[in-house]
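Those protein sequence lines, which keep their order, are chains B and Z.
So in UniProt numbering, spot 224 of the first sequence is number 224, and the numbers just go up one at a time.
So in UniProt numbering, spot 157 of the second sequence is number 157, and the numbers just go up one at a time.
Backbone N, C-alpha and C fix where the C-beta goes; we use that ideal spot for every residue, glycine too.
None of the values given here were measured: they were computed from a predicted structure.
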Amino acid sequence: MNTEGDVDSDMECSDNECFGDDSDYYNTDDIDIEQVDPSKNDPEYFEFECLTEEQVERLLNESVELLSNNLQILPSLAKVLLHYHNWNVSEIIGKYRENASQLLINSRVKPSSAPASNNCSRYLTCPVCVLTHSSDKFLSLNCGHLFCKGCWTIHFEVQINQGISTGISCMARECEVLVPEDFVLKLVLQPNIKEKYLQYIFQDYVKSHPQLRFCPGPNCQVVIKSQDTKAKRATCSKCKSIFCFKCGIDYHAPTDCHTIQKWLTKCADDSETANYISAHTKDCPKCHICIEKNGGCNHMQCYNCKYDFCWMCLGDWKAHGSEYYECSRYKENPNIAHESVHAQAREALKKYLHYYERWENHLKSLKLEKETFDKLKTRINQKVMSGRGTWIDWQYLFTAASLLAKCRYTLQYTYPYAYYMDTGPRKELFEYQQAQLEAEIENLSWKIERAETTDRGDLENQMDIAEKRRTTLLKDFLDV
Amino acid sequence: MANIAAQRIKREFKEVIKSEEVAKCAIKLELVNDSFTELKGEIAGPPDTPYEGGNFVLEIKVPETYPFNPPKVRFVTKIWHPNISSVTGAICLDILKDQWAAAMTLRTVLLSLQALLSAAEPDDPQDAVVAKQYKENLEMFESTARHWTNIYAGGPDLNKDFNDKIRKLVEMGVEEHQARVALSSYNWDLERATEQLFS
Ligand SMILES: [Zn+2]
Ligand SMILES: [Zn+2]
Ligand SMILES: [Zn+2]
Ligand SMILES: [Zn+2]
Ligand SMILES: [Zn+2]
Ligand SMILES: [Zn+2]
Numbered sequence: 001m002n003t004e005g006d007v008d009s010d011m012e013c014s015d016n017e018c019f020g021d022d023s024d025y026y027n028t029d030d031i032d033i034e035q036v037d038p039s040k041n042d043p044e045y046f047e048f049e050c051l052t053e054e055q056v057e058r059l060l061n062e063s064v065e066l067l068s069n070n071l072q073i074l075p076s077l078a079k080v081l082l083h084y085h086n087w088n089v090s091e092i093i094g095k096y097r098e099n100a101s102q103l104l105i106n107s108r109v110k111p112s113s114a115p116a117s118n119n120c121s122r123y124l125t126c127p128v129c130v131l132t133h134s135s136d137k138f139l140s141l142n143c144g145h146l147f148c149k150g151c152w153t154i155h156f157e158v159q160i161n162q163g164i165s166t167g168i169s170c171m172a173r174e175c176e177v178l179v180p181e182d183f184v185l186k187l188v189l190q191p192n193i194k195e196k197y198l199q200y201i202f203q204d205y206v207k208s209h210p211q212l213r214f215c216p217g218p219n220c221q222v223v224i225k226s227q228d229t230k231a232k233r234a235t236c237s238k239c240k241s242i243f244c245f246k247c248g249i250d251y252h253a254p255t256d257c258h259t260i261q262k263w264l265t266k267c268a269d270d271s272e273t274a275n276y277i278s279a280h281t282k283d284c285p286k287c288h289i290c291i292e293k294n295g296g297c298n299h300m301q302c303y304n305c306k307y308d309f310c311w312m313c314l315g316d317w318k319a320h321g322s323e324y325y326e327c328s329r330y331k332e333n334p335n336i337a338h339e340s341v342h343a344q345a346r347e348a349l350k351k352y353l354h355y356y357e358r359w360e361n362h363l364k365s366l367k368l369e370k371e372t373f374d375k376l377k378t379r380i381n382q383k384v385m386s387g388r389g390t391w392i393d394w395q396y397l398f399t400a401a402s403l404l405a406k407c408r409y410t411l412q413y414t415y416p417y418a419y420y421m422d423t424g425p426r427k428e429l430f431e432y433q434q435a436q437l438e439a440e441i442e443n444l445s446w447k448i449e450r451a452e453t454t455d456r457g458d459l460e461n462q463m464d465i466a467e468k469r470r471t472t473l474l475k476d477f478l479d480v
Numbered sequence: 001m002a003n004i005a006a007q008r009i010k011r012e013f014k015e016v017i018k019s020e021e022v023a024k025c026a027i028k029l030e031l032v033n034d035s036f037t038e039l040k041g042e043i044a045g046p047p048d049t050p051y052e053g054g055n056f057v058l059e060i061k062v063p064e065t066y067p068f069n070p071p072k073v074r075f076v077t078k079i080w081h082p083n084i085s086s087v088t089g090a091i092c093l094d095i096l097k098d099q100w101a102a103a104m105t106l107r108t109v110l111l112s113l114q115a116l117l118s119a120a121e122p123d124d125p126q127d128a129v130v131a132k133q134y135k136e137n138l139e140m141f142e143s144t145a146r147h148w149t150n151i152y153a154g155g156p157d158l159n160k161d162f163n164d165k166i167r168k169l170v171e172m173g174v175e176e177h178q179a180r181v182a183l184s185s186y187n188w189d190l191e192r193a194t195e196q197l198f199s
């Protein structure tokens with residue numbers, strides 16, 4: 001069993017591993033698991049397994065065997081029933097006991113009307129190819145619709161080449177009966193088409209199984225399995241992809257699957273308007289010298305006049321340290337309802353840009369912090385080579401960097417959440433917590449950028465605070 | 001062309017020629033070439049519909065994989081119907097898509113299309129403008145469809161009011177069919193159709 005905590009911490013930190021490398025934060029070795037329900041303390045707790053294709057086959061076959069033994073039916077028919085009922089064995093058995101015939105009709109195993117009666121003449125004409133063959137060349141499904149073997153084979157090949165597998169049905173008009181796997185495999189002879197069929201049917205089975213998900217990583221064959229079918233963070237053990245178990249896209253807590261989809265669509269639609277904000281440079285608000293952002297931290301210090309300011313709002317950084325960090329909060333115009341349509345549209349765009357700018361900015365910070373971290377690694381490497389400490393002495397810095405990435409990732413995904421929230425006390429609470437998280441993340445980032453001169457205890461303290469803020473926000477607002 | 005496809009088309013052609021529908025002049029099928037890859041179909045507009053009295057010509061293309069894949073059919077005769085494009089003649093009908101079965105024949109297709117003329121399915125539209133009119137103003141839809149049947153399919157019903165409006169637009173330099181489309185789309189509101197044409 002693989003839980004988030006088991007992801008091995010590695011010296012190498014790829015983009016993805018940064019988020020998964022949280023061994024220190026989920027280390028439950030010294031706690032008796034039996035006594036503590038880990039999901040209580042960790043809102044992101046998620047138990048899952050990464051399975052190979054063979055393991056999935058075995059798992060599916062267990063259900064097939066169970067059902068075919070229980071109902072005394074052929075395994076291939078059991079597969080049709082299981083695929084139709086999302087692999088819920090007990091539901092199928094229940095329905096079978098209740099009304100077997102109805103179950104078989106609904107699952108398209110049996111025809112809804114009486115099977116076609118066939119005369120037993122020695123020669124028959126196939127309605128598809130209109131040729132006459134001896135009757136032993138004919139086959140039918142449960143519906144009794146006879147077609148010659150050659151036509152069945154072509155039918156399957158045409159369907160499979162169009163990507164259809166579990167959905168192949170009888171060739172008769174208005175006949176809904178589905179063709180079971182063994183019937184197809186018996187008649188399809190070309191090895192490459194057979195191979196394709198097996199691949200498609202496997203995909204259909206996995207997709208219909210509520211506890212299974214294909215890893216969305218490119219060319220990755222891993223299937224993730226979990227009893228818990230919620231929008232939780234799954235990490236592929238092979239390609240390290242991190243994704244939401246429910247919808248399969250990049251993990252997006254605290255935002256839910258539907259909202260993030262809406263947000264991403266909106267961002268794609270509005271990308272033109274939002275483009276202008278992606279500029280990398282801004283002027284120092286005090287001495288107006290041009291400053292380029294090359295680190296991930298939003299706490300900027302002008303290299304010319306040493307003024308401390310915020311990259312996002314260009315406000316004085318000192319004000320950001322106070323109890324209510326206003327920078328992340330969007331202030332709505334209270335009189336907007338009375339304004340013209342034009343003004344309202346402008347206001348809507350302003351609101352969107354406020355959230356989009358922060359979403360985009362934290363994404364950029366994530367990338368820049370990764371670069372900072374790579375540079376840091378090189379410097380530490382040099383230190384170790386010249387005998388100043390060992391890798392183990394600097395390990396805490398790597399832990400800090402991956403924690404920073406994890407926190408900023410969550411922070412990034414708080415912006416779509418806030419954008420779609422209704423105004424009111426709950427949104428105020430959310431933005432309060434978001435502001436606090438943001439402030440602590442920037443503090444952490446600032447300290448990591450200057451890590452070699454910062455006190456280790458101070459840094460570790462800051463890590464602790466940032467992660468606490470993150471967990472608090474998720475506990476209160478992650479609704480899965 | 002694949003052997004089965006040609007075999008089938010030959011057989012089906014004979015089947016249609018001998019059918020009682022042909023005897024009643026409800027459907028017609030002609031070969032366009034001798035390789036059996038293209039045919040010309042014809043269906044009579046069903047009685048008690050706006051298509052009554054009209055004759056609708058269909059283009060039928062037979063794919064290599066026929067009958068395992070459906071034939072490609074479209075209306076050559078211009079028609080005003082929610083499930084048929086008033087521009088291209090493309091048809092939205094399940095048996096010409098995923099509900100096709102290899103045991104179906106061209107006769108089944110022609111009869112299904114005739115049935116489609118009697119019973120439109122505006123919730124599964126091919127032509128959104130027509131479907132909207134069908135749902136919001138059935139009477140307007142029926143007189144428009146009847147007018148198109150008269151003009152393009154040889155239907156009997158002459159609509160003087162519609163023809164007058166079209167003539168006004170033609171006098172302003174608009175091509176006749178274009179004028180008819182604009183007026184049909186705007187419920188025969190001359191002002192709005194003009195606005196759309198000249199904007
Ligand atoms: Zn055959
Ligand atoms: Zn059948
Ligand atoms: Zn993977
Ligand atoms: Zn999701
Ligand atoms: Zn300055
Ligand atoms: Zn700010």
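Original post:
Comparing the CB of residue 225 of chain B with every heavy atom of ligand 3, is any distance shorter than 7 Å?
Top reply: no
Subject >> Residues within the UniProt domain "UBC core" (4–154) of chain Z neighbouring chain B, beta-carbon criterion of under 8 Å >> reply: 4, 7, 8, 11, 65, 67, 68, 69, 101, 102, 103, 104, 108
Original post:
Is there at least one non-hydrogen atom of ligand 2 closer than 7 Å to the beta-carbon of residue 50 of chain B?
Top reply: no
Original post:
Closest to residue 74 of chain Z by CA distance: which of Z:91, Z:82, Z:68, Z:65 is it?
Top reply: Z:91
Original post:
So, is the C-beta of residue 108 of chain B closer than 8 Å to a C-beta in chain Z?
Top reply: Cβ-Cβ to chain Z under 8 Å: no for residue 108 of chain B.
Original post:
Quick one: does residue 425 of chain B have its CB under 8 Å from some CB of chain Z?
Top reply: no
**OP:** Enumerate in chain order the residues of its own chain whose CB-to-CB distance from residue 33 of chain B is below 8 Å, with the five nearest sequence positions on each side excluded.
**Re:** At residue 33 of chain B the pLDDT is 46, less than 50, meaning the model places this residue with poor confidence; the figure from the coordinates comes in the next sentence. Nothing listed; no residue qualifies.
Original post:
Shorter than 8 Å from the beta carbon of residue 127 of chain B to some beta carbon of chain Z?
Top reply: yes
**OP:** Return the chain-ordered list of same chain residues with a C-beta closer than 8 Å to the C-beta of residue 99 of chain B, the five sequence neighbours on each side being excluded.
**Re:** none
Original post:
For the beta strand (DSSP E) that residue 212 of chain B lies in, which residues bound it at each end?
Top reply: 212–214
**OP:** Give a yes or no on whether 8 Å exceeds the smallest Cβ distance from residue 312 of chain B to chain Z.
**Re:** At a cut-off of 8 Å between beta carbons, residue 312 of chain B makes no contact with chain Z.
Original post:
Apart from the five residues on each side of it in sequence, which residues of its chain come closer than 7 Å, Cβ to Cβ, to residue 32 of chain Z?
Top reply: 38, 39, 40
Original post:
Where residue 367 of chain B and residue 379 of chain B are concerned, what is the direct C-alpha to C-alpha distance, given to the nearest angstrom?
Top reply: 19 Å
Original post:
Excluding sequence positions up to five away, which residues of its chain have a Cβ less than 8 Å from the Cβ of residue 474 of chain B?
Top reply: 43, 44, 253, 254, 410
**OP:** Please find out if some non-hydrogen atom of ligand 2 comes closer than 7 Å to the beta-carbon of residue 111 of chain B.
**Re:** yes
Subject >> Sequence-ordered residues whose beta carbon comes within less than 6 Å of a heavy atom of ligand 8 >> reply: As far as ligands go, the structure on display features ligand 1, ligand 2, ligand 3, ligand 4, ligand 5 and ligand 6 and does not contain ligand 8.
Original post:
Taking 8 Å as the CB-CB cut-off, is residue 154 of chain B touching chain Z?
Top reply: The C-beta of residue 154 of chain B comes closer than 8 Å to at least one C-beta of chain Z.
Subject >> residue 446 of chain B burial status per 10 Å Cβ neighbour count (16 or more: buried) >> reply: buried
Original post:
Looking only at its own chain, which residues have a Cβ that is under 6 Å from the Cβ of residue 197 of chain Z, when we skip the five neighbours before and after it?
Top reply: The answer, listed in chain order, is 174, 182.
Original post:
Quick one: what does DSSP say residue 39 of chain Z is sitting in, helix, strand or coil?
Top reply: In the three-state DSSP reduction, residue 39 of chain Z falls in the strand class (E or B).
Original post:
Taking the DSSP output, what are the residues bridged to residue 297 of chain B?
Top reply: Bridge partners of residue 297 of chain B: none, in fact.
Original post:
Heavy atom of ligand 1 less than 7 Å from the Cβ of residue 147 of chain B, yes or no?
Top reply: yes
Subject >> Assigned exposure category for residue 12 of chain Z - 16 Cβ within 10 Å defines buried >> reply: buried
Original post:
In its own chain, which residues sit with a C-beta less than 6 Å from the C-beta of residue 247 of chain B, not counting the 5 before and 5 after it?
Top reply: 257
Original post:
So, using beta-carbon positions, are residue 289 of chain B and residue 302 of chain B closer together than 8 Å?
Top reply: yes
**OP:** Say yes only if the C-beta of residue 114 of chain B is nearer than 7 Å to one or more non-hydrogen atoms of ligand 2, and no if none qualify.
**Re:** no
Subject >> Cα-Cα separation, residue 149 of chain Z to residue 21 of chain Z >> reply: 21 Å
**OP:** Determine the burial state of residue 87 of chain Z: buried for a count of at least 16 other Cβ atoms within 10 Å of its Cβ, exposed for fewer.
**Re:** exposed
Subject >> Short Cβ contact (8 Å threshold) for residue 66 of chain B with residue 225 of chain B >> reply: no
Subject >> Cross-chain neighbours of residue 179 of chain B in chain C, by beta carbon under 8 Å >> reply: Although the question refers to chain C, the structure presented lacks it and instead comprises the protein chains B and Z.
Subject >> Supposed contact pair residue 355 of chain B and residue 396 of chain B - C-beta distance, whole angstroms, cut 8 Å >> reply: That pair is no contact at about 34 Å.
**OP:** Can you give me the Cβ contacts of residue 128 of chain B inside the same chain, cut-off strictly under 8 Å, excluding the 5 residues immediately before and after it?
**Re:** 147, 148, 151, 155, 171
Original post:
List, in order along the chain, the chain Z residues whose C-beta lies closer than 8 Å to that of residue 158 of chain B?
Top reply: 65, 68, 69
Original post:
Do the segment 111–120 of chain B and the segment 235–242 of chain B make contact, defined as three or more Cβ pairs closer than 8 Å?
Top reply: Contact between the segment 111–120 of chain B and the segment 235–242 of chain B is absent, because fewer than three Cβ pairs lie under 8 Å.
**OP:** Return the CA-CA distance between residue 64 of chain B and residue 49 of chain Z, expressed in angstroms with no decimal places.
**Re:** 53 Å
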